[in-house]
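Novice: Keeping their order, the protein sequence lines are chains V and C.
Per this note's numbering, the first sequence starts with residue 1, numbered consecutively.
Per this note's numbering, the second sequence starts with residue 1, numbered consecutively.
All residues carry an ideal CB built from backbone N, CA and C; glycine is no exception.
As the structure is a prediction and not an experimental result, all values here were calculated from the model.
So that we are looking at the same thing, I have put the structure below in structure tokens.
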Amino acid sequence: MKILIVDDSRAMRMIVKRTLRQAGYGGHDVVEASNGAEAFDIIQGGGVNLVLCDWNMPEMSGIELLKKLKAHGSRVPFGFITSEGSAEKRAMAAEAGALFLLTKPFSADHIATVFEQAKLAS
Amino acid sequence: MPIHDDDIRSSVQDIWASMLGMPIEPAPIAEVTNTNDQIACMVQITGHWVGSVVLTCHTSLAADLTRTMFAMEDEDPSSEDVHDAFGELANMVGGNIKTVVGDPSHLSLPTVVDGNNYQLHVTRSTCTHKVDFECQGERLQLRIFERTDDNMAAA
């Protein structure tokens with residue numbers, strides 16, 4: 001499985017990778033992008049099985065990325081890992097087609113739960 | 001919904017435990033008068049509630065937090081890494097407070113200031129919450145500034 005982590009913070013990308021390992025998913029191929037525009041190009045290149053994406057980013061936000069992907073017919077499983085945990089943002093994410101919205105801080109158990117959700121959807 | 005100091009404390013302790021595996025304990029409030037080697041990070045919340053959340057600590061603590069976050073050994077983290085790590089912590093704290101104040105609201109990207117003898121003013125705002133912590137023997141301060149200019153709180 002190829003997992004794309006999208007976050008403008010290198011620290012957060014590292015934490016997500018570390019938590020994936022702690023949750024038992026260390027054997028997967030992990031690629032990184034620092035904003036939505038960069039992520040869009042990687043996803044369009046093919047092979048990505050799951051996107052774990054921040055919401056607030058420069059260049060292109062996570063929700064803009066998701067809407068652009070849907071507009072281009074992408075069906076890649078997509079979830080948010082973000083500080084934006086409000087009901088409004090959850091509704092926006094679900095409406096745009098996100099599988100889940102995981103709020104920071106998160107644990108290995110949280111990651112495992114959403115990972116299994118994504119596997120069922122892929 | 002009103003912001004309570006106890007919620008801020010538990011939120012920060014939860015972030016430190018989950019993201020850093022590091023204890024952080026509430027401490028008595030103190031004002032830092034010497035800003036030498038201090039780092040501050042601010043995130044702003046705009047919406048029906050408008051304000052700023054500011055985290056401040058000594059650069060040595062910020063470096064420790066960065067080393068832990070990046071799983072570094074004894075090496076000195078770059079200032080870029082410190083800004084990134086400290087900014088992300090402030091972003092998470094701000095995100096939790098944004099959830100408390102409710103929708104509609106928007107969280108800004110973090111702004112980091114460090115150096116010597118600087119003063120950070122959040123204009124047209126009042127400091128409504130002061131919560132201090134001790135981590136690794138160093139003080140970490142959290143301040144919430146609520147915008148008092150009514151024209152800005154109409155978004």
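Along the beta strand (DSSP E) that carries V:T19, what are the first and last residues, could you check?
Specialist: Looking at the DSSP string, V:T19 is not in any beta strand (DSSP E); the run it does join, the alpha helix (DSSP H), is R10 to Q22.
Novice: Kindly indicate if chain V contains any beta-carbon less than 8 Å away from that of C:G95.
Specialist: Taking Cβ atoms only, chain V reaches closer than 8 Å to C:G95, which makes this a yes.
Novice: Leaving out five residues before and five after V:V114 in sequence, what residues of the same chain have Cβ atoms less than 6 Å from its Cβ?
Specialist: The answer, listed in chain order, is G79, F100 and L102.
Novice: Using the Cα positions of V:G62 and V:D54, report the straight-line distance between them to the nearest angstrom.
Specialist: In a straight line, the C-alpha of V:G62 is about 6 Å away from that of V:D54.
Novice: Skipping 5 residues on each side, what residues in its chain have a beta carbon closer than 7 Å to that of C:S125?
Specialist: So the list reads G51, S52, F145, E146, R147 and T148, once near-sequence residues are dropped.
Novice: To the nearest angstrom, report how far apart C:C57 and V:E88 are at their CA atoms.
Specialist: About 32 Å.
Novice: Any idea which residues DSSP pairs C:K130 with across the strands?
Specialist: Looking at the DSSP assignment, C:K130 forms a beta bridge with C:R143.
Novice: In whole angstroms, what is the alpha-carbon distance linking C:I45 and C:L109?
Specialist: Looking at the two C-alpha atoms, the distance is approximately 10 Å.
Novice: Might you give, ordered along the chain, the residues of its own chain that have their beta carbon closer than 8 Å to the beta carbon of V:A23, omitting 5 neighbours on each side?
Specialist: So the list reads A108, D109, I111, A112 and F115, once near-sequence residues are dropped.
Novice: Which two residues bound the contiguous beta strand (DSSP E) that contains C:M42?
Specialist: Counting along the chain, the beta strand (DSSP E) containing C:M42 begins and ends at Q38 to G47.
Novice: With V:H28 as the anchor, note down where its alpha helix (DSSP H) starts and where it stops.
Specialist: Taken as a continuous stretch (DSSP letters only), V:H28 belongs to no alpha helix (DSSP H), as it is neither H nor E.
Novice: Assuming contact is defined by CB atoms lying nearer than 8 Å, are V:L4 and V:A37 in contact in what I supplied?
Specialist: No; because the gap between Cβ atoms is not below 8 Å, this pair is not in contact.
Novice: Look at C:A17 and C:D132 and say whether their C-beta atoms are less than 8 Å apart.
Specialist: Going by C-beta atoms, C:A17 is not nearer than 8 Å to C:D132.
Novice: Mapping the DSSP letters down to three states, classify V:I2 as helix, strand or coil.
Specialist: Sequence inspection shows Lys at residue 2 of chain V; the Ile mentioned does not correspond to that position. Of the three classes helix, strand and coil, the one that applies to V:K2 here is strand, per DSSP.
Novice: Thinking C:F90 and C:F70 are a contact (beta carbons under 8 Å), I'd like their distance in whole angstroms, please.
Specialist: At residue 90 of chain C the sequence reads Ala, which differs from the Phe that was named. About 17 Å; that fails the 8 Å criterion.
Novice: Got a sec? Which residues, its chain only, sit under 6 Å from V:P77 by beta carbon, not counting five neighbours each side?
Specialist: If we look at V:P77 and ignore the five residues flanking it on each side, its Cβ neighbours are L50, L99, A118, A121 and S122.
Novice: How about C:V113 and C:G87: do their beta carbons lie closer than 8 Å?
Specialist: No. Outside cutoff.
Novice: If distances are taken between C-alpha atoms only, which option among C:N116, C:V101 and C:A40 comes closest to C:D7?
Specialist: That would be C:V101, whose Cα lies nearest to the Cα of C:D7.
Novice: Could you run through the region 15-45 of chain V and flag, in chain order, every residue whose CB is less than 8 Å away from some CB of chain C?
Specialist: Going along the region 15-45 of chain V in chain order, one finds I15 and R18 with a Cβ nearer than 8 Å to chain C.
Novice: Examine the ligand SAM and report whether any of its heavy atoms sits within less than 7 Å of the Cβ of C:L65.
Specialist: Only the bare structure without any ligand can be found here, which leaves the ligand SAM out of the picture.
Novice: Please report the residue range of the beta strand (DSSP E) in which C:G51 lies.
Specialist: Here the beta strand (DSSP E) through C:G51 covers G51 to H58.
Novice: Are any of the Cβ atoms in chain C nearer than 8 Å to that of V:P58?
Specialist: Yes - at least one Cβ of chain C is within 8 Å of the one on V:P58.
Novice: Let me see if you follow: with CB-CB separation under 8 Å, is C:I45 close to chain V or not?
Specialist: Not closer than 8 Å to any Cβ of chain V, the Cβ of C:I45 fails to qualify, so no.
Novice: In the structure shown, what three-state DSSP assignment does C:D114 receive?
Specialist: The answer is strand: DSSP assigns C:D114 an E or B state.
Novice: Does C:G87 come out as helix, strand or coil in the three-state DSSP assignment?
Specialist: C:G87 falls in the helix class under three-state DSSP.
Novice: Could you give the DSSP three-state label for C:E80: helix, strand or coil?
Specialist: In the structure shown, C:E80 sits in a helix (DSSP, three-state: H, G or I).
Novice: Are the CB atoms of C:Q136 and C:D37 within a distance shorter than 8 Å?
Specialist: Contact: no.
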